[in-house]
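Asks: The letter at position 90 of the sequence shown is residue 535 when you use the working numbering, and the numbering goes up by one with no holes.
We treat Cβ as the ideally placed atom computed from N, Cα and C, and that holds for glycine.
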Amino acid sequence: MKKLGLLPKIIVAIAFGIFAGLFLPKGFVKTLVTFNGLFGNFLDFVIPLIILGFIAPGIGDLGDKAGKLLALTAGIAYSSTIIAGTFAFFSAKAILPSFLTVGSLDLNATDPSTALLEPLFMVEMPAVFGVMTALLLAFIIGLGIAFVKGDTIKKLMNEFQEIISKVINNVIIPLLPIHIAGIFANMAFTGQVFTILSVFLKVFLMILVLHFIILLVQFSIAGAISGGNPIALLINMIPAYFTAIGTQSSAATIPVTLQQTKKGGVTTDIADFVIPLCATIHLSGSTITLVTCSIAIMMLTGTTVGFQAMLPFILMLGVTMVAAPGVPGGAVMAALGLLESMLGFSQPMLSLMIALYIAQDSFGTAANITGDAAIAVIVNKFSGNKLKAIEK
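1) Would you please state the rounded distance, in angstroms, between the beta carbons of Gly572 and Ile496? I believe it to be under 8 Å.
2) How many Å lie between Phe574 and Asp489 at the Cα?
3) Comparing alpha-carbon positions, which option in Thr732, Ala724 and Ser739 lies nearest Thr518?
4) Quick check on this structure: which residue in Ile670, Pro619, Ala804 and Glu563 has the alpha carbon closest to the alpha carbon of Gln792?
5) From Lys826 to Phe657, what distance separates their C-alpha atoms?
6) So, with DSSP's three-state summary, where would you put Ser828?
7) Between which two residues does the alpha helix (DSSP H) containing His624 stretch?
8) Please report the straight-line C-alpha distance between Asn674 and Met798, rounded to a whole angstrom.
9) Would you identify the three-state DSSP class for Asp717, choosing helix, strand or coil?
10) Need the endpoints of the alpha helix (DSSP H) that Val612 sits in, please.
11) Buried or exposed for Gln753, please, with buried defined as at least 16 other CB atoms from any protein chain shown within 10 angstroms of its CB.
12) Let me confirm a value: Pro700 is counted as buried when at least 16 other C-beta atoms fall within 10 Å, else exposed. Which label applies?
13) Using the C-alpha atoms, what's the distance from His624 back to Asn631?
14) Count the other C-beta atoms from every protein chain shown that fall within 10 angstroms of the C-beta of Lys707, then say buried if there are 16 or more, exposed otherwise.
15) Could you say if the stretch 676-687 and the stretch 634-648 meet the contact criterion of at least three C-beta pairs nearer than 8 Å?
16) Determine the closest residue to Ala668 out of Ile820, Leu477, Val764 and Gly763, with distance taken between C-alpha atoms.
17) Determine the direct distance from the alpha carbon of Val777 to that of Ser549, and round the result to whole angstroms.
18) Whose C-beta lies closer than 6 Å to the C-beta of Val736 among residues of the same chain, with five residues either side of it excluded?
19) Following the continuous alpha helix (DSSP H) through Met755, name the residue where it begins and the one where it ends.
20) The ligand NAP and Gly691: does the residue's C-beta get closer than 7 Å to at least one heavy atom of that ligand?
21) Run through DSSP, which three-state label would Leu788 get?
22) Pro502 and Gln606 - do their beta-carbons sit closer together than 8 Å?
23) Answer yes or no: do Ile527 and Leu760 have a C-beta to C-beta separation smaller than 8 Å?
24) Taking Asn813 as the reference, give the member of Val824, Gly466, Ile659 and Leu588 with the closest Cα.
25) Is the CB-CB distance between Ser739 and Val576 below 8 Å?
26) Rank Gly789, Ala716 and Thr732 by C-alpha distance to the C-alpha of Val764 and give the top, closest one.
27) Under a three-way DSSP split, which group does Ala780 fall into?
28) Within a Cβ cutoff of 7 Å, which residues of the same chain sit near Gln705, ignoring the five residues on either side of it in sequence?
29) Who are the Cβ neighbours of Leu565 in its own chain at under 6 Å, not counting the five residues just before and after it?
30) Where do the ends of the alpha helix (DSSP H) carrying Ala804 lie?
31) Please list the terminal residues of the continuous alpha helix (DSSP H) segment that includes Asn681.
32) Measure how close the beta-carbons of Ala804 and Phe629 come, nearest whole angstrom, since I'm counting them as under 8 Å.
33) Following the continuous alpha helix (DSSP H) through Lys445, name the residue where it begins and the one where it ends.
34) Please state whether the Cβ-Cβ distance between Leu477 and Gly627 is less than 8 Å.
35) Measure the C-alpha to C-alpha separation of Val612 and Gly672 and round it to an integer number of angstroms.
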């Protein structure tokens, strides 16, 4: 199991959870549910720390960049992320009801025959501060780092980010498969798991189609502005796309993304600035996935949400995922606090969200980094540079 990637581990965990819920004793399932309760409480404790640890250093690091070029790149990247999230919302609202039954999943059932099992015991783990407090602190500290001439707090927050990244890498990520196995075992025991599985693959395929459409839009705009061939520019990024699928990390894919962006005709200085920056601030693919999966889960549990309620969530996503670490599932970890505080997600809903997201995390990452090249093409044109012919 140690040699398997996170996605294969999640698949094995789901299969084992379903098997356990259907065929193993109730006591074993309740043991898994107890672990879920403890792990869920630990996540509640860590979520505000994740927000503070990601966002504050991310905003602070932006202060070291060139002013006008930073503003241009960040503005385009943020706009792209928000447009992608809005596109995902309206697409999900239009398409999901065609194959998803609203209210078909009851995570709060009271009937003993269908209610989820309760843990054997619970240990309370109250958070140091709330999600909104963490966001405000992150903004204040991050902006302070960016504008104050001094590096004491910056070093402190960078080290704090390393600590949080270690917690995610060495505690949360390794334990996620057990947590997800417990969730699916509980649902299988109560007969609700097949409702999830019936829509799992369809949601997955829908997200891939939305990724492809948004990439076509991004490169069409880049081609129109720069005078380049959008299809040729997009095809040029295929090596980076498949590298991201393998690494599940925008940061780890930067060398290949840079290489292909330069081959696509972007000047070296623009590519060297835009690509590493966009690897942390441009998350159109991840936003599409998060928005689509969240709406699917809300529909399954009978919750309705309009665009007025969803837009603030999408706007905050574009900021909250800034500098999400280059680890599998980093974006959804950063978004858990918003899902809980702004959309009212319960612990079972958050667990399903993690499972749904990580199942296609690599494709969201691939869409992110491929779109980074489109932004580089646009910034290259606005900086007064002509797009060179794509290298063979």
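Replies: In short:
1) On the sequence shown, position 127 is the one that residue 572 refers to. On the sequence shown, position 51 is the one that residue 496 refers to. The sequence given here places Ala at residue 572; Gly does not occur at that position. Actually they do not touch by this definition, with Cβ atoms about 11 Å apart.
2) As a working mapping, residue 574 is identified with position 129 in the sequence shown. As a working mapping, residue 489 is identified with position 44 in the sequence shown. In this structure, the CA atom of Phe574 is about 10 Å from the CA atom of Asp489.
3) For the purposes of this step, residue 518 is taken as residue 73 along the sequence shown, with counting starting at 1. Ala724 is the residue among Thr732, Ala724 and Ser739 whose C-alpha sits nearest the C-alpha of Thr518.
4) Start at 1 with the first residue of the sequence shown, and residue 792 comes out as number 347. Of Ile670, Pro619, Ala804 and Glu563, the residue nearest in Cα terms is Glu563.
5) Here residue 826 corresponds to residue number 381 of the sequence shown, with the count starting at 1. Here residue 657 corresponds to residue number 212 of the sequence shown, with the count starting at 1. Rounded to whole angstroms, Lys826 to Phe657 spans 24 Å at the Cα level.
6) What you label residue 828 is simply residue 383 of the sequence shown in a count that begins at 1. Coil, per DSSP.
7) What you label residue 624 is simply residue 179 of the sequence shown in a count that begins at 1. That run of the alpha helix (DSSP H) goes Ile618 to Phe634.
8) Within the sequence shown, the letter at position 229 stands for residue 674. Within the sequence shown, the letter at position 353 stands for residue 798. Taking the straight line from one Cα to the other gives about 37 Å.
9) On the sequence shown, position 272 is the one that residue 717 refers to. In this structure, Asp717 counts as helix in the three-state DSSP scheme.
10) In the sequence shown, the residue the question calls residue 612 occupies position 167. Under the DSSP assignment, Val612 falls in the alpha helix (DSSP H) whose first and last residues are Thr597 to Val612.
11) As a first step, residue 753 is located in the sequence shown; it is residue number 308 there, counting from the start. By the 10 Å Cβ count, Gln753 comes out exposed.
12) Translated into the one-based positions of the sequence shown, residue 700 becomes position 255. Exposed.
13) Start at 1 with the first residue of the sequence shown, and residue 631 comes out as number 186. Start at 1 with the first residue of the sequence shown, and residue 624 comes out as number 179. Rounded to whole angstroms, Asn631 and His624 show a C-alpha spacing of 11 Å.
14) The count along the sequence shown starts at 1 and reaches residue 707 at position 262. With 16 or more Cβ atoms within 10 Å of its Cβ, Lys707 is classed as buried.
15) With the cut-off at 8 Å, the stretch 676-687 and the stretch 634-648 do not touch.
16) Against the sequence shown, residue 668 aligns to sequence position 223. Sequence inspection shows Gly at residue 668; the Ala mentioned does not correspond to that position. Answer by Cα proximity: Ile820.
17) Residue numbering aside, residue 549 sits at position 104 when the sequence shown is read from its first letter. Residue numbering aside, residue 777 sits at position 332 when the sequence shown is read from its first letter. Roughly 24 Å between the two C-alpha positions.
18) Reading the sequence shown from its first residue, position 291 is the one you call residue 736. Closer than 6 Å at Cβ, skipping near neighbours: Gly530, Ala533 and Phe534.
19) Within the sequence shown, numbered from 1, the residue matching residue 755 stands at position 310. Segment Phe752 to Thr765, the alpha helix (DSSP H) holding Met755.
20) Looking for the ligand NAP in the displayed structure turns up nothing, as the structure carries no ligands at all.
21) Sequence index remark: in the sequence shown, residue 788 carries index 343 (1-based). In the three-state reduction of the DSSP assignment, Leu788 falls in the coil class.
22) As a position in the sequence shown, residue 606 is number 161, starting the count at 1. As a position in the sequence shown, residue 502 is number 57, starting the count at 1. Yes, the Cβ-Cβ distance between Gln606 and Pro502 is below 8 Å.
23) Your numbering for residue 527 matches position 82 in the sequence shown. Your numbering for residue 760 matches position 315 in the sequence shown. Closer than 8 Å, so yes.
24) Your numbering for residue 813 matches position 368 in the sequence shown. Looking at the Cα atoms, Ile659 is the closest of the given residues.
25) For this step, residue 739 is matched to residue 294 along the sequence shown. For this step, residue 576 is matched to residue 131 along the sequence shown. With a cutoff of 8 Å on beta-carbon distance, Ser739 and Val576 are scored as not near each other.
26) Reading the sequence shown from its first residue, position 319 is the one you call residue 764. For Val764, the nearest C-alpha among the options comes from Thr732.
27) Residue mapping note: residue 780 aligns to position 335 of the sequence shown, counting from 1. Three-state result, Ala780: helix.
28) Reading the sequence shown from its first residue, position 260 is the one you call residue 705. Same-chain partners within the cutoff: Asn681, Met682, Pro684, Ala685 and Ala818.
29) The sequence position of residue 565 within the sequence shown is 120, counting from 1. So the list reads Lys475 and Thr479, once near-sequence residues are dropped.
30) Residue numbering aside, residue 804 sits at position 359 when the sequence shown is read from its first letter. It is not in any alpha helix (DSSP H) - Ala804 carries neither H nor E in the DSSP assignment.
31) Taking the sequence shown and counting its residues from 1, the one referred to as residue 681 is at position 236. Residues Pro675 to Asn681.
32) Working through the sequence shown from its first residue, we reach residue 804 at position 359. Working through the sequence shown from its first residue, we reach residue 629 at position 184. Ala804 to Phe629, Cβ: 12 Å. No contact.
33) An answer regarding residue 445 cannot be provided, because it is not within the stretch 446 to 837 covered by the chain.
34) Residue 477 sits at position 32 when you count from the first residue of the sequence shown. Residue 627 sits at position 182 when you count from the first residue of the sequence shown. Yes.
35) Counting from one through the sequence shown, the residue named residue 612 turns up at place 167. Counting from one through the sequence shown, the residue named residue 672 turns up at place 227. Cα-Cα distance, rounded: 46 Å.
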